[in-house]
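Residue numbers (full-length UniProt numbering): 1 to 492. We put the CB at the ideal spot given by N, CA and C, even for glycine.
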Amino acid sequence: MTMPTDSIAFHARLAPHTLAARDLLLGAQWTYAELDALIGRFAALLQARGCVDGERVAVLARNSVWQVALHFACGRVGAIYVPLNWRLSAGELDALLQRAEPRLFLGDDVAAGRGDVVPLIDFIEEANAREPADTAPIPPDRVSLILFTSGTSGQPKGVMLSEQNLQQVAHNFGVTTRVDATSSFLCEAPMFHIIGLVTNVRPVLAVGGSIQVSSGFEPKRTLGWLSDQSLGITHYVGVPQMMQAFRSQPGFDAASLRHLTALVSGGAPHASEDLLGWLDDGIPMVCGFGMSEAGTVFGMSVDCAVIRNKLGAVGISTPAVQTRVVDGDGNDCPAGVPGELLLRGPNLSPGYWRDPQASAEALDEHGWFRSGDIVQRDADGFFWVVDRKKDMFISGGENVYPAEIEAVLAEHPQVRECAVVGIADQQWGEVGYLAIVPTDEAPDLEQIRAYLVERLAKYKVPKHLRVVETLPRTATGKLQKGRLKEALANEA
Numbered sequence: 001m002t003m004p005t006d007s008i009a010f011h012a013r014l015a016p017h018t019l020a021a022r023d024l025l026l027g028a029q030w031t032y033a034e035l036d037a038l039i040g041r042f043a044a045l046l047q048a049r050g051c052v053d054g055e056r057v058a059v060l061a062r063n064s065v066w067q068v069a070l071h072f073a074c075g076r077v078g079a080i081y082v083p084l085n086w087r088l089s090a091g092e093l094d095a096l097l098q099r100a101e102p103r104l105f106l107g108d109d110v111a112a113g114r115g116d117v118v119p120l121i122d123f124i125e126e127a128n129a130r131e132p133a134d135t136a137p138i139p140p141d142r143v144s145l146i147l148f149t150s151g152t153s154g155q156p157k158g159v160m161l162s163e164q165n166l167q168q169v170a171h172n173f174g175v176t177t178r179v180d181a182t183s184s185f186l187c188e189a190p191m192f193h194i195i196g197l198v199t200n201v202r203p204v205l206a207v208g209g210s211i212q213v214s215s216g217f218e219p220k221r222t223l224g225w226l227s228d229q230s231l232g233i234t235h236y237v238g239v240p241q242m243m244q245a246f247r248s249q250p251g252f253d254a255a256s257l258r259h260l261t262a263l264v265s266g267g268a269p270h271a272s273e274d275l276l277g278w279l280d281d282g283i284p285m286v287c288g289f290g291m292s293e294a295g296t297v298f299g300m301s302v303d304c305a306v307i308r309n310k311l312g313a314v315g316i317s318t319p320a321v322q323t324r325v326v327d328g329d330g331n332d333c334p335a336g337v338p339g340e341l342l343l344r345g346p347n348l349s350p351g352y353w354r355d356p357q358a359s360a361e362a363l364d365e366h367g368w369f370r371s372g373d374i375v376q377r378d379a380d381g382f383f384w385v386v387d388r389k390k391d392m393f394i395s396g397g398e399n400v401y402p403a404e405i406e407a408v409l410a411e412h413p414q415v416r417e418c419a420v421v422g423i424a425d426q427q428w429g430e431v432g433y434l435a436i437v438p439t440d441e442a443p444d445l446e447q448i449r450a451y452l453v454e455r456l457a458k459y460k461v462p463k464h465l466r467v468v469e470t471l472p473r474t475a476t477g478k479l480q481k482g483r484l485k486e487a488l489a490n491e492a
């Protein structure tokens, strides 16, 4: 399906006075005409600063309508938007900035103390004094976004996405989740993730609906907004832990949410018991599946009866996404047999930023993207995620890569060798468990924890630390993380 790659400009002509965006904390709102003009002013300032033709614009900030406008502005002038995770440590951010080499680095209060940041508020004020830029059309296959996501090696990889990719992702999500011009998304997932910046934003703005933005998730406040029918919110996307937090709020009343088209749960497996609770309350809790490299891959019906009948399924393949499920030899698996998910389609990333080797290794000889995820499908074409082929685990909706943590500890004087696995946790879904084989010196576990806190984002620091004599290995010396995980899970 062909769609306009600048949906804001399109709807500014089609329905200029329709609400496009609202900042719930500032109390500010923009019609499509006003948002289009804001994007045009941002584009003018980006041009003046030389942020065109593939130059990068990095941003370290909490959610705001300004971020959405800035990303669209980058698309208009040919620049590449690079949102950064404000949960990362200073060292981790420095490494990403070295990779991205941005021409402009903007930030709000979460970037305080960094001397290399231009205050976002200063950029906004300077842009507001300009006339909107008259920009020439940019080829839709030109990259406009880099999302940094660690690989199984623990090294950051920058997923490149073009406006064409993003519009296809918007369509894929929108048609499966009943998004139309009357829809309105409450946007709280962080905008350095594909859910926050793309899934929450692009589908609804592509069809003339609206976004309502807050700085982040707070269960009581968020539940109040979702329940307030005067706001007209229809969709909310979050991780399972966020959805579970709603039900634990004092005085939770499911009836206040029955006007919603859907609550969409992604980023981590969602417990069947919790799903059934929502369905019993008459609220469609939809499970989806996607990734930075491809956006929404599967989409589930928003019909409670279908969700119940296919409980735990992440849905069917979205439009234009080709999927295969293959065994270890690359042969297609029949229905009901797990295998690795392969993908192909116009939503797929063209590759990783300045990493041709990783880009090439991600594809098989026929151009299929190797997801590294193990899935199975039934005879009706519905998919279930069985496992993750990689060692990565998900804690509170954030991907955690054990190799990255293990690499940080490689030079610690008290650690001879170590391994990290993810184990089940009631609050966070999964948390890290670190097994340490010490050197001759007795290890100080709290000192090791502090060592990690200084070098990693807090969500990456393992919750559990344990000293072991040896790590389980095969006869050839390969670490057996499956055995380790079983042993440690019994100790947690």
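When the Cα of S184 is compared with those of N165, A206 and G216, which residue comes out closest?
-> A206
Counted within 10 angstroms of its Cβ, other Cβ atoms place A20 as buried (16 or more) or exposed | buried
With DSSP as the reference, label R370 as helix, strand or coil.
-> strand
Would you mind reading off the limits of the alpha helix (DSSP H) that contains P219?
-> P219 to S227
Tell me which same chain residues have a C-beta within less than 7 Å of the C-beta of K310, skipping the five on either side of it?
-> F382
DSSP bridge partner residues for G351 (one or two, in chain order) = According to DSSP, G351 bridges with M160.
Give the C-beta separation of G75 and D6 to the nearest angstrom, bearing in mind that I take them to be a contact with Cβ-Cβ under 8 Å.
-> 7 Å
Name the one or two DSSP bridge partners that H235 has.
-> F185 and A262
Beta-carbon spacing of G422, I394 below 9 Å = yes
Look up R202 in the DSSP assignment and say whether it is helix, strand or coil.
-> helix
The region 446-461 contacting the region 85-100, beta-carbon criterion three pairs below 8 Å = yes
Tell me whether H412 sits in a helix, a strand or coil according to DSSP, three-state version.
-> Coil at H412, not helix or strand.
Would you say V461 and V437 are within 9 Å of each other, going by their C-beta atoms?
-> no
Look at the alpha carbon of G251 and the alpha carbon of M285, and state the distance between them as a whole number of angstroms.
-> So the alpha carbons of these two residues sit roughly 20 Å apart.
Name the DSSP beta bridge partners of P83, please?
-> V59
Given that a residue counts as buried once 16 or more other Cβ atoms are within 10 Å of its Cβ, and exposed if not, what is D141?
-> Exposed: under 16 other Cβ atoms inside 10 Å.
What do you get for G151, buried or exposed, if any count of 16 or more other CB atoms within 10 angstroms of its CB means buried?
-> With a pLDDT of 45 at G151, under the threshold of 50, the modelled position of that residue is not reliable, and the figure given next carries that caveat. Result: buried.
Taking the alpha-carbon positions, what's the S153 to Y401 distance?
-> Its pLDDT being 46, under 50, S153 is placed unreliably by the model, and nothing is read from it.
Sequence-distant residues of its chain with Cβ nearer than 6 Å to V239 (five each side left out) = Only residues of its own chain outside the window of five on either side were considered, and among them G267, A268 and G397 have a CB closer than 6 Å to the CB of V239, listed in chain order.
Answer yes if the region 316-334 comes into contact with the region 117-132, meaning at least three C-beta pairs across the two stretches below 8 Å, and no otherwise.
-> no
Three CB pairs or more closer than 8 Å across the region 203-222 and the region 257-267 | no
Excluding sequence positions up to five away, which residues of its chain have a Cβ less than 7 Å from the Cβ of residue 574?
-> There is no way to answer for residue 574, as the model of the chain reaches only from 1 to 492.
Euclidean distance between Cα positions of A112 and G91 = 15 Å
Can you tell me the Cβ-Cβ gap for G288 and G315, rounded? I've got them flagged as a contact below 8 Å.
-> Contact annotation, G288 with G315: C-beta distance approximately 6 Å; criterion of less than 8 Å satisfied.
Please go through the region 316-350 and give each complete beta strand (DSSP E) segment of 3 or more residues, from N-terminal end onward.
-> 322-326 and 339-344
Do you know whose CA, among N399, K481, A379 and Q426, lies nearest L434's CA?
-> Check the Cα spacing between L434 and each of N399, K481, A379 and Q426: the tightest is with K481.
Where L25 and S215 are concerned, what is the direct C-alpha to C-alpha distance, given to the nearest angstrom?
-> The alpha-carbon separation between L25 and S215 amounts to approximately 8 Å.
When burial is assigned at 16 or more other CB atoms within 10 Å of the CB, is Q167 buried or exposed?
-> Around the beta carbon of Q167, 16 or more other beta carbons sit within 10 angstroms, so the residue counts as buried.
Would you call the region 28-38 and the region 97-111 in contact, with 3 or more CB pairs under 8 Å?
-> no
Whole-angstrom distance between A181 and L14, CA atom to CA atom = 12 Å
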